[in-house]
Structures are given as C-alpha cells and as structure tokens.
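In my numbering, the protein residues as written are 3 to 781. First up is the structure itself, then whatever we jot down about it.
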C-alpha cells in the first residue's frame, strides 16, 4: 500500500520516481545533513564503558570528577564534546554528567549543540539548554530553549522544527512545547505557528507532523485550480491512518460554480484480500449549463476494486465503477476514469485454479456514455471451464474450453438468451532447427436459448444450434543472414504463413437484427486490424459471430541486432490476408468480405541512437481502397526525466464507421491529429512539462498543457495551465460545432521531509497527466 503522511502542518511525502534526478538533488540535500561517523554499535549501549578524555582532570574518588579542556565523552553510539564536564556518581544508581559552557552532542539519531546540559550516563536521558539540533542521516533541524531528551521521547520548550537545510528559512514550525516521539516517528506541538520566510501565516493550538517514515493521520497538501467550466476549485484532503493495514483519505472539494463535493477513499489489506473503496458525491450540481434529463442534479461515482486468494487454489476479484450520468468524466477529473473512456465496467470473478484446469464464475456489465437508448448486454452469470493436457495423443496438445452465459439487456426491445459453448482444440506442433509448423483442429459448438424482448415485435428463434469445425496450419521460421546488409548489424528474417478453413454457417437467427437487416450478436464486435491481429483465428471478438474462413495470411518480420550489444535496434513487419472465398456470417452483404484481400498492415520500430526511437504503423484497407489507420511517433529521451516526443495519428472515417455498431452514431470526418510532448529537467530545481495536440481535420487545437515544477530539499511548487476541447450539449458563446474549450490553471505546494526529491517529470508521465506513451522500449 502506498504511504501517506499527516499534514496538519500542510506537509506530505511523495514517492520517488526518477532515479537519476533524485540522485542529484538528494546528494546535494544530504550534504547539509549530519552523518553518523563510523559503524553503528549494536547491543545495550548503557552497559558499554564510558571513555572520557580531557586536557586536565580533578578526581575525587569515588564521588565526583571534573574534566577541563577539550573534554570528550564516548559511550556506545553517543559522543559528547564540551568545555568542562563534572561527573558525579552515587553508588550504582546514578552517574550524572554536568556540561558547563558550550557542548556538542551526537548519537545515531540526533546531533545537538548548545550551552549547559545534564546527561545521565546510565540511561539515555539528557537535559539540554539553548540547543540547536539536527536529525542524523535525514533532514530535520530546529532550536529549543530547553529540552529533555529520553530514550523514546524528546520534550522541547519554545522549540522550532524545519526540514530545510541550515541557512534556509523557507518554512518552519514553532511551538511553545514540542514532544518528539522517537519510536512512533512523529512530533506533537502546542500553540504552533507555521512560518514562511519567518512570517507567521498559520496558527494551530495543536499540531502533529512526521519525523520519520511512518504514516500519520492529518491534513494533506491542498490544491487550487481555476477552470472556465468549474470556476475556482479548492480541495483539502484529510488522511486517516486507521491501522497498519488500512487507511482512508477524505477530500472535500469546493467548486465555485457547482458546489461542494466529498471524495472519501478507503484502502485495506486483510486476510480476505486487498482493495480500495472510493466514492465521489455532489448533492446538487449548481452549474446552470448542466441540464439532466430528469432534473436530478445529484452527481456521484462509486468504485470498488478488490482481489483475494484463499484456500490455496481460489481467486476472487471485483472491479466496479458506476457514475451518476454519462457526462460525469467530462465534467470532473477523477482517478477512477477519464473522458476518453467510452464506458465504465462493473465485473466480478470467482475462480478455482489447478495445474491442468480452472473453473470460474463471473459477471460483467458496461455503463456506456454514448447516449444511446439501447446499451450493451450484461452477462450474469458467466461460467468458464478450461482444461489443458499435453500428449493426450502422442505429440499433441489438447485444450478444452466451455462456457455457459446468460445475456440480458435493460431495453425491453432486445432479446435475452442463454448461451452454451464448447470448444475442444487439438494441436500438433512440429519443430526443427529450420522452423515450426502447428497443425491445429478446433470445433465451435454453441447452443442458444433465446426469448424476445417484452415490447419487441420482431420474432426470434427460441432454440439455435451452431457447430463449426476449423483447421489451421501455421508455419513460422527464422532465417539468419550470413552476410551483413549493414556493417555492425546482424539480420534475421522471420516469415510466417497461416491457412485457416471454417465452413459457412448462417448465424442470422442469433440475436436480433437492425433495420438494415444486420445481424447483431450479444457480445461480438469487429476486431481492429494490425499486423499482429492478422493472424487471429476470427474477425470478431466474442462467440456470436464466427465468420466462414478460407483464407491465407502471409507476413513476415525482419530484425536487426547490434554486434556490440546484441540488442534489437530495428524491426519491420508486413502482412496481408487473402480470402480464397469471401468471409461471411449470414446472407447479407454487410457482413461479407466483398473483396478477396484484407487490409495491408505494416509496423516498424527503429532505435537509430541510444536516445532516439522511431515507431510507425500503417494500414491500407483494400475493401475501402484507402488508408484506414496510420500513426507515427518520434522520441528523443536521453534520460528518464528528459524527453521530447512528436506524434501523428490518423483514422479514416469510413474505417471507423464500418467498425461501429449499426446502432452507433457515425463519424462525419476522419481523425487527423499531430502533437508533441515535452518533459525536461532544466536544472536540479526546475523542470517543465508541456503537451500540444492539433486536429488537422477540424483545424483547431484539441488540447494543450504547460507545467513548471520548482523543487528544493524541503519544498516544491507546481504551476500549470491547460486548455482542452470538450463536447457539450448546451450552446455557449465559445462553443464551436458542439465543442468548447475548458481553460484551467492551478498551483500546488508541497512540504518535504527529506524523503522525496522527485522533479515531477516522471510522475506526470506515469500518471498520464500529460498524454504520453512509450513508443518503443528496448532494454
């Protein structure tokens, strides 16, 4: 579970991300932190001998002794240097050292200087006056008018604390009394004043803050934002450390144009599994532009994620997200979904796993945001069985898949069904040093029990059976070139040839039909074509649409490897499927491949320098006689926190529309976008991140963001501005063709306790705050 820290003093610890940048800033920060000299002595420190050295000494045995001039006292891990020390001993029960004048005290936890102190040499108790202290091996320092230092607790009067280095007064906390709990790693303050540049800006009668790595309950860093859509936004999270295995974060958020929202998040790790429960709730959205259909202005999100293993072989998981309305992710930024998602999933799965087989029961439902009256089917229950057996027949691998599923729909126009499916597969792998040939036979046996919707006028066949055999031949080989095409690089050529045959079976009785007489199954959709999907067995996902096949797929990949490092620096793949007969699922032309060949698919990656990557993919649809998909990415990345990436992406509107459901709205234009992403650490303290995407077809920007991070050893600040094109159903002065720009800016501050030195670049890339994907990774 990730760690959170208390911040009634407005402090929080963040995780470390970039190892290179962290090392630089961390090394600089640790230069001002005292380090323990030598090796830490283990064992009972109080039983170890006391060694005293000085220029002179007056000893009155056995009662007392006075040491003068460069006095040095050492016992275990603690050492004391003072101008003058008087040691008094009363039998075996007390041995007190009275330090007069200036002193310097250090052990493996703290270092302190001051004038006048009393130290018990038979315990870890000490009374210090006019002390300046610093934590050892970690950031943290302060002052105290007086202090009692014990084994597990330090009590300081008129004290201060800051994680800033010496001579840096960026922020500090002062209090009439401070108690530092050593074992629990936190400090308590009474009548605390939070200062910035020695100017008081916050007062609290009581305060807690961390002085170690343990989690503490309290306020976390607030965030501020200004948006043209939401107005001013202020979020103030509160962290509750409930127990070592569970915690909660409660975040009230105020939107000046919408109202209050409360966002609690609860995390747990128990014997019955680990997970997260989160909600986002707004009782009434005051934004006038928001016009719900039923005038219910309540907005909410519910999310539950859970995984568990029990009884050795059982697994259970839940991933449930539900929102109040389809525009929720467009109107609110959430950690549990975003505006690019077209749906939210609600599913669970309970499974039993053995080496040769597994059995599971699951359910799945989709909450779609496309505004269609008829949504996708929910599946409950779905029972899956998988069995694996090698050498069932000598030299063969056997697989068996079976499923029973119940499909239902909220629309009374749509039919309901039970589907029972069995799929045995027998594979004969043949391989030698020249390549491999897999001969695979498979049988799709499916039975449906269907009933029409209660308000549907369309008749539906109640019982449908479908049995389709399949045979597949898959030939692969890897050829190594004896001669180098390019000096310093070895080349391989990996051709692949696949043949699939499935007879035609009319499946028009499965599911329902649209007004265009296009057959719609319960869970099938056309798969996207790329080079790797060319070698899929089927054109459609799901089991309802299994098209006929008499086709040959030919393709190949060539790779180049460096002689010096052995790493792959370039690859290129090209392939195409040729239909010996048109593929179809029923008698309508909409579901048939009218032409014999499918899209050409090509993909390439080129690492032409250790810091430069180029990736590209291209598809040409022979049925549409046009380019269907294309994208390109060029990236310069010398370090994990320094990168520049240029992107281009294209999708033909005809290709998109032919892959959409017959009930979905059609695209009126192709997608053509160019964009750039920049994340760069300028110095150890300053980094910038920006992204910009322009839609060439619309001839206007899609989104743009710019962020500046300033980092020091004890605080950090982030300033950002963003502009994003979002859809709206309500007209406004800046609306363009049903879209408008949402402009944002915000600022966030962070106090650091020496446990995080991130410059922010890697964090924003990983969290997806700027749109970035790694185009081509070679280790």
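Each residue gets a CB set at the ideal place from its N, CA and C atoms; glycine is no exception. Source: prediction; values computed, not measured.
- prompt: Which residues does DSSP pair with residue 193 in a beta bridge?
  reply: Bridge partners of residue 193: none, in fact.
Would you call residue 78 buried or exposed, if buried means 16 or more other Cβ atoms sit within 10 Å of its Cβ? buried
Check: Since residue 719 sits in a beta bridge, which residues does DSSP pair it with?
Finding: 712 and 751
Item checked: Neighbourhood of residue 613 by C-beta distance below 8 Å, restricted to the same chain and skipping five residues each side -> 638, 639 and 640
Would you call the segment 331–341 and the segment 372–381 touching, i.e. three or more CB-CB distances under 8 Å?
-> no
Among residues of its own chain, excluding the 5 on either side of residue 718, which ones have a beta-carbon nearer than 6 Å to its beta-carbon? 752
Taking 8 Å as the threshold (C-beta atoms), are residue 509 and residue 395 in contact?
no
Let me check one thing: in DSSP terms, what residues is residue 91 bridge-paired to? 97
Subject >> Completely contained beta strand (DSSP E) runs for the segment 214–292, where each covers 3 or more residues >> reply: 225–229, 233–237, 240–245, 248–257, 261–272 and 275–284
* **Bridge partners - residue 471, DSSP secondary structure assignment** => 445
Quick one: what does DSSP say residue 549 is sitting in, helix, strand or coil? coil
task: Taking residue 1 as the reference, give the member of 166, 303 and 129 with the closest Cα.
output: Residue 1 falls outside the range modelled here, since the chain spans only 3 to 781, and no answer is possible.
Should residue 119 be labelled buried (16 or more other beta-carbon atoms within 10 Å of its own) or exposed? buried
Q) Between which two residues does the alpha helix (DSSP H) containing residue 332 stretch? A) 330–333
I'd like to confirm the pairing. Which residues does DSSP put opposite residue 410 in its beta bridges? 380
Requested in this report: Leaving aside the five residues before and after residue 455 along the sequence, list all residues of the same chain whose C-beta is less than 8 Å from its C-beta, in chain order.
Outcome: 411, 413, 414, 415, 416, 417 and 418
Between residue 162 and residue 179, what straight-line distance do the alpha-carbon atoms span, to the nearest angstrom? 9 Å
Alpha carbon to alpha carbon, how far is residue 259 from residue 298? 17 Å
- Query: Which residues in the same chain as residue 436 place their Cβ atom closer than 8 Å to its Cβ, once the five residues preceding and following it in sequence are excluded?
  - Reply: 479
message = Do residue 212 and residue 1 have their beta-carbon atoms positioned less than 8 Å apart in this structure?
response = The first residue shown for the chain is 3 and the last is 781, placing residue 1 beyond what the model contains.
Answer with buried or exposed for residue 141, where buried requires no fewer than 16 other C-beta atoms within 10 angstroms of its C-beta.
buried
Pull the bridge partners of residue 497 from the DSSP assignment, please.
558
> How is the beta strand (DSSP E) around residue 163 delimited, first residue to last?
Replying inline: 155–163
| said: Check this for me: beta carbons of residue 677 and residue 649, under 8 Å apart or not? | reply: yes
Residue of 384, 169, 491 and 203 minimising C-alpha distance to residue 568: 491
**OP:** Quick one: using the 10 Å Cβ neighbour count with 16 as the cut-off for buried, is residue 231 buried or exposed?
**Re:** buried
Next item on the list: For residue 320, write down the residues that DSSP places opposite it in a beta bridge.
Entry: 308 and 350
Does DSSP classify residue 601 as helix, strand or coil? coil
I'd like to confirm the pairing. Which residues does DSSP put opposite residue 119 in its beta bridges? 101 and 130
query = Between which two residues does the beta strand (DSSP E) carrying residue 42 extend?
reply = No beta strand (DSSP E) holds residue 42; DSSP gives it neither H nor E.
* **Closest by C-alpha distance to residue 187, when choosing among 111, 122, 175 and 115** => 111
- Rounded straight-line distance, which links the Cα of residue 321 to that of residue 745: 32 Å
Tell me the residue span of the beta strand (DSSP E) that contains residue 1. With the chain covering only 3 through 781, there is no way to say anything about residue 1.
_Beta-carbon proximity list for residue 400, same chain, < 6 Å, skipping 5 on both sides_ = 391, 394 and 428
What separation, rounded to the nearest whole angstrom, lies between the Cα atoms of residue 738 and residue 328? For residue 738, the pLDDT reaches just 44, beneath the cut-off of 50, and the residue's location in the model is therefore unreliable, although a value from the coordinates is still provided. Distance between the alpha carbons of residue 738 and residue 328: 21 Å.
Can you find the residues in the same chain that come closer than 7 Å, C-beta to C-beta, to residue 219, ignoring five residues on each side of it along the sequence? 8, 241, 242 and 243
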